[in-house]
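Each remark here refers to the structure printed beneath this line.
There are 2 protein chains.
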Amino acid sequence: MAVPDFKDYKPLSLDSVAKRLATYPGVQERLGGKPESWTVREVGDGNLNFVYIVTGPDGSLCAKQALPYVRLVGESWPLPLSRSFYEHAALVRQDKANGSVPEIFNYDGPQALIVMENLSPHVIWRKALINREQHDVAAKMVGEFAAECHFRTSDLALSAETKKAEIAMFAGNTALCKITEDLVFTDPYYDHPMNSWTSPELDETVRAVQGDPQWKAAVQELKFIFLTRTEAMLHGDLHTGSIMVHKNEDGTEDIRIIDPEFAFYGPMGFDCGALIGNLLLNLFAQDGYPGRACVYQDWLLEQIENFCHAYASRFSELWRTERTGDAYARSLFEDQNHTDASEIALTNFLHRVEMDSLGFAGAKMTRRIIGLAGVADLQGIADPATRAACERRALALARMMVVERVELGSLGRTLEHAERILKDVK
Amino acid sequence: MAVPDFKDYKPLSLDSVAKRLATYPGVQERLGGKPESWTVREVGDGNLNFVYIVTGPDGSLCAKQALPYVRLVGESWPLPLSRSFYEHAALVRQDKANGSVPEIFNYDGPQALIVMENLSPHVIWRKALINREQHDVAAKMVGEFAAECHFRTSDLALSAETKKAEIAMFAGNTALCKITEDLVFTDPYYDHPMNSWTSPELDETVRAVQGDPQWKAAVQELKFIFLTRTEAMLHGDLHTGSIMVHKNEDGTEDIRIIDPEFAFYGPMGFDCGALIGNLLLNLFAQDGYPGRACVYQDWLLEQIENFCHAYASRFSELWRTERTGDAYARSLFEDQNHTDASEIALTNFLHRVEMDSLGFAGAKMTRRIIGLAGVADLQGIADPATRAACERRALALARMMVVERVELGSLGRTLEHAERILKDVK
Chain W
6 MAVPDFKDYK PLSLDSVAKR LATYPGVQER LGGKPESWTV REVGDGNLNF VYIVTGPDGS
66 LCAKQALPYV RLVGESWPLP LSRSFYEHAA LVRQDKANGS VPEIFNYDGP QALIVMENLS
126 PHVIWRKALI NREQHDVAAK MVGEFAAECH FRTSDLALSA ETKKAEIAMF AGNTALCKIT
186 EDLVFTDPYY DHPMNSWTSP ELDETVRAVQ GDPQWKAAVQ ELKFIFLTRT EAMLHGDLHT
246 GSIMVHKNED GTEDIRIIDP EFAFYGPMGF DCGALIGNLL LNLFAQDGYP GRACVYQDWL
306 LEQIENFCHA YASRFSELWR TERTGDAYAR SLFEDQNHTD ASEIALTNFL HRVEMDSLGF
366 AGAKMTRRII GLAGVADLQG IADPATRAAC ERRALALARM MVVERVELGS LGRTLEHAER
426 ILKDVK
Chain P
6 MAVPDFKDYK PLSLDSVAKR LATYPGVQER LGGKPESWTV REVGDGNLNF VYIVTGPDGS
66 LCAKQALPYV RLVGESWPLP LSRSFYEHAA LVRQDKANGS VPEIFNYDGP QALIVMENLS
126 PHVIWRKALI NREQHDVAAK MVGEFAAECH FRTSDLALSA ETKKAEIAMF AGNTALCKIT
186 EDLVFTDPYY DHPMNSWTSP ELDETVRAVQ GDPQWKAAVQ ELKFIFLTRT EAMLHGDLHT
246 GSIMVHKNED GTEDIRIIDP EFAFYGPMGF DCGALIGNLL LNLFAQDGYP GRACVYQDWL
306 LEQIENFCHA YASRFSELWR TERTGDAYAR SLFEDQNHTD ASEIALTNFL HRVEMDSLGF
366 AGAKMTRRII GLAGVADLQG IADPATRAAC ERRALALARM MVVERVELGS LGRTLEHAER
426 ILKDVK
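So the protein lines, in turn, are chains W and P. Using our numbering, count along the first sequence one by one with no gaps and you end on 431. Using our numbering, count along the second sequence one by one with no gaps and you end on 431.
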């Protein structure tokens with residue numbers, strides 16, 4: 006499937022959504038009633054697109070349309086409509102690999118429009134975390150999601166030929182990758198006009214980051230890994246704002262991963278790092294909110310461990326049972342009774358992904374504190390001095406994770422440092 | 006430029022070459038006389054293609070045409086004609102990056118045919134090395150060639166967008182990559198029917214290699230690096246048989262690098278390792294030929310150092326003067342007077358390439374001893390026992406380079422071990 010041309014593209018508006026959607030197969034049956042009776046709400050709280058929730062007497066759905074520019078900034082920052090093509094391609098692959106994505110009902114390529122399941126009454130996990138709600142299986146589910154998507158799109162599962170065709174296809178999603186390259190790995194480390202932080206209390210810290218040669222060199226090494234390692238199809242933006250959570254009445258949870266328009270072939274650790282980094286940001290932000298934070302912080306630390314454990318555990322299962330690709334061929338290991346060697350290779354493989362994850366997590370944390378587009382976790386802290394203190398603690402850990410990740414050697418040790426930093430202020 | 010379709014492709018024969026070539030612009034002027042008077046020789050001694058040397062009264066040229074199968078094996082092993090497209094694309098880029106490639110006169114894409122400069126009286130470097138001839142600048146020139154081609158096709162020189170388009174283009178050269186994946190990284194490590202070694206004297210050693218779990222796991226790690234790291238456009242087959250050497254009467258040397266049909270985006274260390282590994286194979290083979298080997302072996306050790314030094318030295322120059330790409334942006338380093346950090350980053354970068362090179366060199370050596378397609382350096386040793394002894398010494402070093410490359414830590418230490426292994430037999 007090739008990227009569509011967009012010559013007939015027309016952005017929808019609140020008035021035109023129902024009429025357009027009614028032309029797609031199955032939509033009228035799903036919503037019931039006449040299109041004129043449907044209610045349409047625009048709910049896009051992301052930075053890039055328009056998202057409409059359309060409700061009829063029998064049901065609802067979600068329609069996401071890309072704009073030819075960045076919504077947050079406006080027409081002065083153009084962004085190609087092709088990102089909708091890549092988002093759809095990623096959703097199809099993630100659905101096949103793991104299933105925890107919204108169901109797609111219709112895809113109108115030339116209109117850069119995806120019509121999908123309306124996740125309701127789900128909430129964005131980031132908001133739930135800020136509210137100290139506990140969704141106990143979310144971290145585990147996301148860990149399994151990442152492991153399955155990574156493994157099944159990698160050379161461990163695919164032939165080199167198939168994987169290279171996938172790389173070539175996703176190589177077109179350069180504009181979205183470029184956003185990450187700039188906002189995560191570059192702009193925060195020098196005096197870039199788009200950087201922003203939440204108060205002058207942090208000015209000195211920002212200067213210290215930007216004047217730290219080791220930090221910059223280590224982040225550039227991570228950027229090079231981001232630019233060059235085509236290990237698996239990544240979600241590309243796997244933070245807590247890309248995860249929808251809901252607790253059913255029977256106590257079970259429904260966890261869905263959304264918004265993969267940043268998908269591309271990259272290093273597995275980047276997705277893992279995005280989630281770890283955003284959970285750590287929430288951890289440090291908790292001290293800025295009223296009430297005792299420590300119980301929730303303990304829970305958060307446990308969730309980070311759960312995520313990593315679920316990732317490693319599911320990845321290991323797939324390594325042992327679905328290793329049909331051209332890398333680490335079974336013909337050299339299991340088929341020759343060298344299962345031990347295969348297990349050693351697996352351990353080394355996961356350790357490398359873990360080290361990458363720590364580095365990327367640190368880079369993500371830093372970016373959310375001093376670059377463009379902060380996170381509500383920290384922005385929501387009312388008192389500037391308190392907020393800056395939380396941010397400085399997060400940055401202290403971020404630096405260790407970026408610069409000393411190999412010496413740290415494990416997520417466990419990293420979390421011990423996080424606990425120590427939290428305790429030092431109590 | 007896209008891969009041509011080959012629906013009108015016709016393989017040339019000795020009889021049809023002159024007539025076809027006469028239709029291309031400039032060929033008649035270059036060769037002089039009438040096409041009927043031209044002499045045509047088929048000289049392809051590679052494993053894949055037909056190569057014709059066409060000579061007229063005023064000059065000569067070389068015409069290389071791909072076949073739809075592997076020449077060495079026959080029609081039972083199909084191989085796509087598109088490799089000629091990738092070879093041409095690589096030659097154009099290498100010419101731009103460094104210039105030490107044959108001049109291209111005509112490219113007939115649909116006929117999978119490249120008409121180029123006839124390098125005469127150049128000889129294949131491998132043959133010169135077997136004959137103990139000394140071309141003192143070859144190693145240095147090839148080091149500079151590799152450094153310039155790598156740097157200038159990498160994220161250090163190109164924008165991410167440009168580089169991703171290049172990755173996508175070369176991702177189509179899967180069939181040639183697959184040959185490397187199989188013959189270098191996979192087949193030698195289990196009982197594959199295409200493996201071959203030069204005498205039963207080596208049977209026990211081969212069994213030991215194939216039964217060595219650490220060796221296999223380390224080689225699979227290298228294969229994963231080969232499959233996933235799109236660092237630069239590689240030559241892809243940079244052994245001593247892909248290098249033409251000639252000493253001019255005034256003592257200067259003309260060194261050319263040929264046959265880049267294996268070109269793709271991969272890890273820089275793979276090209277470096279190919280050259281180092283093949284020079285080391287010649288080093289160990291020298292003990293199998295009459296006359297005192299040690300002087301030439303000392304010269305060879307020096308050439309390996311020269312290659313690596315030239316690579317690092319030229320790469321460093323380009324790092325300091327041509328770093329215009331999206332990786333390690335100058336805006337974060339030199340522009341902020343953090344040249345020290347840039348130098349630290351360079352040192353780390355080159356160290357990583359060196360470690361990769363050692364591993365890939367070891368893999369290449371092993372492959373040439375126990376896999377399909379050996380090298381004349383070893384095959385030319387008359388006595389089977391002597392030959393096997395040389396091969397065992399080469400394999401002893403190869404294992405260290407693959408399994409213990411991080412502990413070895415440098416090329417210098419590796420060459421010390423090579424010297425020790427050579428001395429132990431004297």
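Note that CB positions come from ideal geometry on N, CA and C, so glycine has one too.
Asked, Found
"Classify residue 54 of chain W as buried or exposed, calling it buried when 16 or more other Cβ atoms lie within 10 Å of its own Cβ.", "buried"
"Can you find a C-beta in chain P that's less than 7 Å from the C-beta of residue 102 of chain W?", "no"
"Compute the Euclidean distance between the alpha carbons of residue 248 of chain P and residue 217 of chain W, then round it to the nearest angstrom.", "45 Å"
"I need the DSSP call for residue 292 of chain P, collapsed to helix, strand or coil.", "helix"
"With DSSP as the reference, identify every bridge partner of residue 271 of chain W, one or two as the case may be.", "W/237"
"With a threshold of 8 Å, are at least 3 pairs of Cβ atoms found where one atom belongs to the stretch 152-163 of chain P and the other to the stretch 320-335 of chain P?", "yes"
"For chain P, is any of its Cβ atoms less than 7 Å away from the one on residue 172 of chain W?", "yes"
"Suppose the cutoff is 6 Å on Cβ atoms and the five residues either side in sequence are ignored; what does the same chain contact list for residue 358 of chain P look like?", "273, 274"
"Any chance the stretch 362-377 of chain W sits against the stretch 397-412 of chain W, with 3 or more Cβ pairs inside 8 Å?", "yes"
"Please confirm whether residue 61 of chain P and residue 96 of chain P have their CB atoms less than 7 Å apart.", "no"
"Whose CA, out of P/312, P/190, P/211, P/230, lies closest to the CA of residue 334 of chain W?", "P/190"
"Buried or exposed for residue 44 of chain W, going by 16 or more other Cβ atoms inside 10 Å?", "exposed"
"Opposite residue 89 of chain P in the DSSP bridges: which residues?", "Partner(s): none; residue 89 of chain P has no beta bridge."
"Nearest by alpha-carbon distance to residue 87 of chain W: which of W/285, W/265, W/242 is it?", "W/265"
"7 Å is my cut-off, CB to CB: does residue 160 of chain W come that close to chain P?", "yes"
"Kindly give me the distance between the Cβ atoms of residue 188 of chain W and residue 376 of chain W, rounded to whole angstroms, as I take these residues to be in contact under 8 Å.", "5 Å"
"Would you mind giving the Cβ-Cβ distance between residue 392 of chain P and residue 204 of chain P, rounded to the nearest angstrom? I have them listed as a contact below 8 Å.", "6 Å"
"Which residues does DSSP list as the beta-bridge partners of residue 47 of chain W?", "W/57"
"So which residues on chain P does residue 232 of chain W lean against when the C-beta distance must stay under 8 Å?", "160, 165, 168, 331, 332"
"For the stretch 166-241 of chain P, which segments carrying the alpha helix (DSSP H) assignment without a break, of at least 4 residues, lie completely within its bounds, in sequence order?", "179-190, 208-215, 218-233"
"Where does residue 374 of chain P fall in DSSP's three states?", "helix"
"Indicate whether the contact test is met: 3 or more Cβ pairs, each with one atom in the stretch 102-114 of chain W and one in the stretch 143-152 of chain W, closer than 8 Å.", "yes"
"Under 6 Å Cβ to Cβ from residue 355 of chain W, same chain only, skipping five residues before and after it: list those, please.", "317"
"Near residue 72 of chain P, which residues of its chain fall below 7 Å by C-beta distance, leaving aside the five closest residues on each side in sequence?", "16, 54, 55"
"For residue 85 of chain W, decide whether its Cβ has a neighbour in chain P, counting only Cβ atoms nearer than 7 Å.", "no"
"Just to check my reading of the structure: residue 233 of chain P and residue 234 of chain W have Cβ atoms closer than 8 Å, yes? What is that Cβ distance to the nearest angstrom?", "6 Å"
"Could you give the C-beta distance for residue 351 of chain W and residue 324 of chain W, rounded to a whole number, given that I count them as a contact under 8 Å?", "5 Å"
"Please work out which residues of its chain come closer than 8 Å, Cβ to Cβ, to residue 420 of chain W, disregarding the five sequence neighbours upstream and downstream, and give them in chain order.", "306, 309, 310"
"Short of 8 Å Cβ to Cβ, which residues in the stretch 187-204 of chain P face chain W?", "191, 194, 195"
"Which complete alpha helix (DSSP H) runs does the stretch 295-362 of chain W hold, if anything under 4 residues is left out?", "299-326"
"Hey, out of P/300, P/379, P/389, P/194, whose CA is closest to residue 338 of chain W's CA?", "P/194"
"Please go through the same chain and pick out, in chain order, the residues whose beta-carbon is closer than 8 Å to the beta-carbon of residue 211 of chain W, but skip the five residues on each side of it.", "200, 202, 375"
"If you reduce the DSSP assignment to three classes, tell me which class residue 39 of chain P lands in.", "coil"
"Going by beta carbon distance, what residues of the same chain come within less than 7 Å of residue 125 of chain P, once the five residues before and after it are set aside?", "65"
"Report, in whole angstroms, the separation of the C-beta atoms of residue 416 of chain W and residue 313 of chain W, which I expect to be a contact under 8 Å.", "5 Å"
"Considering only the beta carbon of each residue, do residue 131 of chain W and residue 246 of chain W sit closer than 7 Å?", "yes"
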